[in-house]
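Right, one structure below, let's go through it.
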Amino acid sequence: MICGLSFGSVKGQTYVQMMQWLALRAAVQLRRKGMISVVLQDNASIHTCKLVKTHLATWQEQGLFLFQLPPYCSAMNLIEGEWGQIKAHHIRGQMFEDKVDLIMATYL
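This note's numbering puts the first residue of the sequence shown at 1255, with every later residue one more than the last.
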């Protein structure tokens, strides 16, 4: 599993660059092992924008497939459970000076 984290908002072009990187890795895996790669994502506008849609066919040829969760489907979005555990057990009751401190607390 590969996870990404960014500060601030991510625009379509940045998201496409990240997916291009994943598509190159997927192409290698498809060629070497015959296995496709699947990205499970919610329906955030960045995941469904026109710019992303223009790349879908190429990414699929490279072995990268994007799967959209149904709207408002937190039960199928596994990250929701992970965040729930982090908030309930790892960072409960803590205050953080900035985003870096919060991020470090979630990884430790």
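For each residue, glycine too, the CB sits at the ideal point set by N, CA and C.
query, result
"Write down the C-beta distance between Gln1295 and Leu1320 rounded to the nearest angstrom, noting that I regard them as a contact closer than 8 Å.", "6 Å"
"Assuming Ala1281 contacts Gln1316 (C-beta within less than 8 Å), just tell me the rounded distance between them.", "4 Å"
"Once you ignore the five residues that flank Val1293 on each side, which residues in its own chain have a CB closer than 8 Å to its CB?", "Met1273, Leu1276, Leu1318, Phe1319, Leu1320, Phe1321"
"Quick one: Cα of Leu1305 to Cα of Pro1324, how far?", "21 Å"
"Which whole-angstrom value describes the C-beta separation of Gly1266 and Ile1290, a residue pair presumed to lie in contact below a C-beta threshold of 8 Å?", "Contact doesn't hold; Cβ gap of about 24 Å is too wide."
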